[in-house]
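In short: position in the sequence shown from 1, add 266, done, that's my numbering. Since the structure comes first, as structure tokens, the remarks are kept for the end.
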Amino acid sequence: MSTGLRHGWTTGACATAATTAAYTALLTGSFPDPVEILLPRGQRPSFALAAEELTPLSGTAGEGPPFGTARVGVVKDAGDDPDVTHGALIFATVRHGERGTGVTFRAGPGVGTVTKPGLPLPVGEPAINPVPRQMMREHVERIAERCGGSGDVIVEIAVQNGEELARRTWNPRLGILGGLSILGTTGVVVPYSCSAWIDSIRRGIDVARAAGHRHVAACTGSTSERTVAGLYGLPDDALLDMGDFAGAVLKYLRRHPVPHLTVAGGIGKLSKLADGHLDLHSGRSQVSTEALSALVREAGGTDELTERVRHANTALQALQMCQEAGLPLGDLVAERARITAAGVLRGAPVEVDVVVIDRAGTIVGRAGTVGESGTVRPRWHRRRV
């Protein structure tokens with residue numbers, strides 16, 4: 267069913283459009299505007315050119331082809347998705363390469379360079395992902411066949427203010443330095459699909475594994491991340507910005523395991539995980555005070571406390587009620603969340619501990635503390651309050 271939200275185009279699609287227009291102009295002297303491209307799933311969007319520049323080869327006095335370089339800018343339109351790169355100006359500069367070299371990619375200003383292993387590109391390569399590279403190669407080949415070119419070109423992709431925008435992404439932590447990544451597997455941005463966030467989680471796990479880390483932490487936010495980093499002394503590239511996507515973390519670790527996973531977050535979000543929810547967003551799952559009251563009852567809480575928790579307004583209020591009564595609700599939630607996580611991992615060699623915090627970053631619950639052998643032990647026990 268349609269959401270009524272407008273789809274947009276990935277940075278990879280915009281870079282392909284800019285490359286297509288630039289190479290066409292390099293061979294013909296004329297920029298197609300708008301320029302149409304073919305996406306992997308068959309769509310044929312058109313892009314208006316925001317900038318164009320054609321430079322003749324040295325010594326040709328500007329009388330026409332052959333030209334030395336062509337540069338095109340395209341503005342990224344992410345549709346109705348709250349994308350950090352919405353409105354960014356993406357440039358492609360195309361110049362002739364050595365015969366037989368095919369398409370060579372370079373990072374211009376605002377596009378990052380890979381500095382850590384574990385990503386789908388070798389260290390030292392421009393952060394232009396495999397699918398956008400393939401899209402650009404295919405369009406270069408079509409233009410070469412149509413316009414009589416060799417297809418041997420150097421394509422430099424740049425993003426205006428890309429280095430500044432990249433600070434608002436995972437790139438620095440993933441070891442992509444100097445700017446943004448050119449992304450996209452379909453060319454289409456689906457509003458609020460969160461596919462880019464989930465992809466960043468996966469790349470974060472890949473980088474941590476390649477670095478040899480045996481312990482990673484998946485955190486719902488910056489406060490829980492700071493708490494866990496201090497608790498375990500974890501480096502930045504072992505910290506996963508899980509956000510609401512607990513399922514994405516656990517399912518990827520099931521296929522690509524790391525020996526020890528810490529899940530950390532506030533009592534509200536981890537109450538949802540404890541209740542079996544893998545998407546912790548407030549619009550897609552809700553805290554069940556009924557489930558929290560059942561935990562209290564199972565742990566030996568009084569009927570009065572159980573009833574008060576059932577009617578609590580929030581998980582935090584329920585936690586405060588139990589703290590006053592001396593019942594470790596934070597530990598109970600942590601243990602139940604750990605059980606949910608273990609169920610999703612389905613026997614993968616990943617030991618899980620869970621850390622629950624309050625808004626100030628104070629630890630209010632834990633389950634599965636790490637023993638000397640590296641195994642995980644529950645910390646709470648049944649008690650009568």
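From the three backbone atoms N, C-alpha and C, an ideal C-beta is built for every residue, glycine too.
Span of the alpha helix (DSSP H) around residue i
i, result
"G472", "In the sequence under discussion, the amino acid at residue 472 is Asp, which differs from the Gly named in the question. Unbroken alpha helix (DSSP H) run through D472: S461 to A476."
"P300", "No alpha helix (DSSP H) contains P300, which DSSP labels as neither H nor E."
"H405", "P396 to C413"
"L431", "G428 to A432"
"L506", "First-last for L506: L505 to D507, but that is the beta strand (DSSP E), not the alpha helix (DSSP H)."
Same chain only: Cβ atoms within 7 Å of residue i, ignoring 5 sequence neighbours per side
i, result
"A284", "V338, G339, V340, I356, F357 and A358"
"A495", "L505"
"V562", "L571, T572, V575, C588, L593 and L595"
"H405", "T282, T285, T286 and I303"
"V419", "Y289, V360, R361, H362, G363, V369 and V406"
Cβ-Cβ distance between residue i and residue j below 9 Å
i, j, result
"A600", "V616", "no"
"I423", "I448", "yes"
"K382", "A477", "yes"
"G631", "L593", "no"
"K538", "S554", "yes"
"I385", "L440", "In the sequence as displayed, the identity of residue 385 is Leu instead of Ile. Contact flag set, yes."
"M402", "A281", "yes"
"A336", "L320", "yes"
"L271", "D349", "no"
"H362", "L305", "no"
Residue i: first and last residue of the uninterrupted beta strand (DSSP E) it sits in
i, result
"I420", "V419 to V425"
"D619", "E617 to I623"
"R439", "Unbroken run through R439 is the alpha helix (DSSP H), N437 to L440; no beta strand (DSSP E)."
"T359", "L355 to H362"
"A633", "I629 to A633"
"G532", "H526 to G532"
"V610", "Note, V610: premise wrong, no beta strand (DSSP E); alpha helix (DSSP H) at L595 to L611."
"D569", "Segment D569 to R576 is the alpha helix (DSSP H) holding D569; no beta strand (DSSP E) there."
"A484", "H481 to C485"
Residue nearest to residue i in terms of C-alpha spacing, selected from the options
i, options, result
"T528", "A591, E564, T486 and H543", "T486"
"K342", "V562, N427 and G274", "G274"
"E407", "A484, T367, E590 and G453", "T367"
"P398", "T435, G613, D545 and T452", "T452"
"Y498", "H526, I394, E318 and G450", "H526"
"I409", "G374, V456 and P298", "P298"
"Q309", "A279, L315, L544 and A317", "A279"
"V301", "T580, E411 and L315", "L315"
Close Cβ partners of residue i (< 8 Å) along its chain, the five nearest in sequence each way excluded
i, result
"S490", "A530, G531, G532, V621, I623 and G627"
"Y518", "I467, R468 and I471"
"A327", "Note on A327: pLDDT 47, under 50, position unreliable in the model; no value is reported."
Residues bridged to residue i (per DSSP)
i, result
"G376", "G445"
"R337", "E319 and T359"
"V455", "G274"
"T370", "I420"
Close-in-space but distant-in-sequence residues of the same chain around residue i (CB under 6 Å, 5 per side omitted)
i, result
"H547", "D510"
"P396", "P386"
"H479", "A504"
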